[in-house]
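J.: The numbers in the working numbering rise by one with no breaks, and the one at position 310 of the sequence shown is 339.
Heads up, the beta-carbon is just placed ideally off N, CA and C, and yes, glycines get one too.
None of these values were measured; they are calculated from a predicted model.
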Amino acid sequence: MNCTKCKTKAVIDLPRHNAAFCTPCFTTYVHEQVAYAIKHQRMFGPDDRILVAVSGGKDSLALWDILLKRGYKADALYVDLGIPGYSAKSRAKVERFADTVARPHGATLQIHTVQEEEGAGIKELSNLVHRPTCATCGTIKRYQFNKAAVEQEYDVMATGHNLDDEASRLLGNVLHWQDEYLDKQSPILPASVEGFAKKVKPLYRLSERELAAYALLNKIDYIVEECPMAKGSKMLLYKEVLNRLETESPGTKHRFYWGFLEKQTQAQPAATSMAEKDQALLHPCKTCGQPTTGEICSYCKMMARARLSSSSARPTS
Ligand code: AMP
Ligand code: FES
Ligand code: ZN
Numbered sequence: 030m031n032c033t034k035c036k037t038k039a040v041i042d043l044p045r046h047n048a049a050f051c052t053p054c055f056t057t058y059v060h061e062q063v064a065y066a067i068k069h070q071r072m073f074g075p076d077d078r079i080l081v082a083v084s085g086g087k088d089s090l091a092l093w094d095i096l097l098k099r100g101y102k103a104d105a106l107y108v109d110l111g112i113p114g115y116s117a118k119s120r121a122k123v124e125r126f127a128d129t130v131a132r133p134h135g136a137t138l139q140i141h142t143v144q145e146e147e148g149a150g151i152k153e154l155s156n157l158v159h160r161p162t163c164a165t166c167g168t169i170k171r172y173q174f175n176k177a178a179v180e181q182e183y184d185v186m187a188t189g190h191n192l193d194d195e196a197s198r199l200l201g202n203v204l205h206w207q208d209e210y211l212d213k214q215s216p217i218l219p220a221s222v223e224g225f226a227k228k229v230k231p232l233y234r235l236s237e238r239e240l241a242a243y244a245l246l247n248k249i250d251y252i253v254e255e256c257p258m259a260k261g262s263k264m265l266l267y268k269e270v271l272n273r274l275e276t277e278s279p280g281t282k283h284r285f286y287w288g289f290l291e292k293q294t295q296a297q298p299a300a301t302s303m304a305e306k307d308q309a310l311l312h313p314c315k316t317c318g319q320p321t322t323g324e325i326c327s328y329c330k331m332m333a334r335a336r337l338s339s340s341s342a343r344p345t346s
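#1: Three Cβ pairs or more, each shorter than 8 Å: is that satisfied between the segment 114–124 and the segment 178–186?
#2: Examine the ligand AMP and report whether any of its heavy atoms sits within less than 6 Å of the Cβ of S155.
#3: Just checking T162 against the ligand SAH - is the residue's beta carbon closer than 6 Å to any of the ligand's heavy atoms?
#4: Considering only their Cβ atoms, is the gap separating G201 from C101 smaller than 7 Å?
#5: Pairs of beta-carbons, one from the segment 229–249 and one from the segment 304–315, closer than 8 Å: are there three or more?
#6: Grouping DSSP H, G and I as helix and E and B as strand, with all else coil, what is P133?
#7: Measure the CB-CB distance between L271 and A335 and report whether it falls below 7 Å.
#8: Is M258 near the ligand FES, going by C-beta to nearest heavy atom under 6 Å?
#9: Alpha carbons only, please: which of R273, A49, K36, T37 is nearest the one belonging to A242?
#10: May I ask whether a heavy atom of the ligand ZN can be found less than 6 Å away from the beta carbon of Q173?
#11: In the segment 173–203, which residue ranges form an unbroken beta strand (DSSP E) of at least 3 residues, counting only runs that do not cross its ends?
#12: Can you give me the Cβ contacts of A220 inside the same chain, cut-off strictly under 7 Å, excluding the 5 residues immediately before and after it?
#13: Is the distance from the Cβ of P320 to the Cβ of V222 below 7 Å?
#14: Return the CA-CA distance between L97 and K68, expressed in angstroms with no decimal places.
#15: For the 8 Å Cβ check, are there 3 or more pairs between the segment 39–58 and the segment 271–283?
#16: Can you tell which of A66, D94, V108 has its C-alpha closest to the C-alpha of R132?
#17: Rounded to the nearest angstrom, what separates P53 and R71 at their Cα positions?
#18: Have a look at Q144, L240, C314 and flag the residue whose alpha-carbon is nearest the alpha-carbon of F55.
#19: Within this structure, are the beta carbons of I151 and C163 separated by less than 7 Å?
#20: So, for P216: in the same chain, excluding its five sequence neighbours on each side, which residues have a beta-carbon less than 7 Å away from its beta-carbon?
#21: Where does C35 land, buried or exposed, given buried means 16+ other C-beta within 10 angstroms?
#22: Can you have a look at M30 and say buried or exposed, based on whether 16 or more other CB atoms are within 10 angstroms of its CB?
#23: Looking at the ligand FES, does it come within less than 6 Å of C314, judged from the CB to the closest heavy atom?
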């Protein structure tokens with residue numbers, strides 16, 4: 030198998046593009062997909078300050094790597110959730126990447142430790158509020174990502190969601206006809222109201238397999254294991270189903286997701302109508318000031334519940 034571009038020996042085949050690439054041509058392909066995503070979706074410009082949420086996994090570390098190598102000003106944020114046997118390992122991967130690759134580009138890493146700042150690790154918090162760990166984790170991460178980006182005046186907040194993440198999320202939203210989530214599912218969410226950071230997903234054109242190959246070929250040391258809390262999740266099931274379809278019919282995933290994005294653009298001039306809707310619905314949380322549809326945002330409600338349960342569980346003397 031030879032490289033479609035330069036005809037030397039290929040290291041990876043991409044059936045969905047009917048192509049195969051050697052290492053340098055594959056790296057160029059990955060960078061071009063990200064460059065196209067940034068330009069086509071008007072994610073950010075060369076002078077914008079970007080905050081990348083890095084988990085220690087292949088996607089977000091690859092994203093940080095690509096943005097730095099393309100000359101963007103990209104710092105990173107890692108949220109240490111305190112998951113036994115997992116967080117310490119993923120944090121070490123992020124710190125190593127920050128020291129060896131990011132720092133020479135002048136980029137910085139900040140770490141938010143849930144145990145220190147929310148007063149308990151993610152498992153204890155989810156027990157206190159009687160919610161699944163992943164849901165508690167999602168609320169904390171979304172809140173902390175937005176807070177860091179807004180308070181430190183970053184122009185945009187970027188996550189490492191890839192094509193498989195977005196296609197499986199779309200499948201879940203369609204299977205349950207979650208209209209509200211379908212409206213918001215996009216590689217770019219504008220800063221529709223004050224207090225909301227602009228959010229982008231520059232890897233939405235690249236599959237999980239392609240990003241694993243990029244990380245491997247570019248010697249990015251990442252945590253291979255999935256978060257132990259994700260075991261048995263619906264998203265993993267949707268990913269498996271889509272992988273099965275992709276094997277039978279290469280290109281299914283990108284036709285499904287990109288096709289949805291095209292139809293969404295035709296159906297509504299996304300950014301303006303979404304901003305108008307948000308402006309009508311959102312106002313500052315009475316506790317923390319972040320935008321919310323209720324009086325108190327879901328993060329503050331959850332933290333208040335956790336405080337209440339932990340004080341009622343404490344023995345009185
Ligand atoms: P996941 O929801 O685990 O699939 O992660 C999706 C994206 O969220 C990742 O690609 C990262 O950009 C970001 N992310 C997930 N976990 C963390 C974390 N602990 N700290 C910072 N960013 C994270
Ligand atoms: Fe949130 Fe696993 S990453 S519970
Ligand atoms: Zn709040």
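T.: The relevant details are as follows:
#1: no
#2: no
#3: Absence of the ligand SAH from the depicted structure is noted, with the ligand AMP, the ligand FES and the ligand ZN being the only ligands included.
#4: It should be pointed out that residue 101 corresponds to Tyr in this sequence rather than to Cys. Contact: no.
#5: no
#6: helix
#7: no
#8: yes
#9: A49
#10: no
#11: Along the segment 173–203, the beta strand (DSSP E) occurs as fully enclosed runs of 3 or more residues at 185–187, listed in sequence order.
#12: A226, K227
#13: yes
#14: Those two C-alpha atoms are separated by around 16 Å.
#15: Enough Cβ pairs lie closer than 8 Å, so yes.
#16: D94
#17: 27 Å
#18: Comparing Cα positions, the closest option is L240.
#19: no
#20: A66, Q70, V229, K230, Y233
#21: exposed
#22: exposed
#23: For the ligand FES, no non-hydrogen atom lies closer than 6 Å to the CB of C314.
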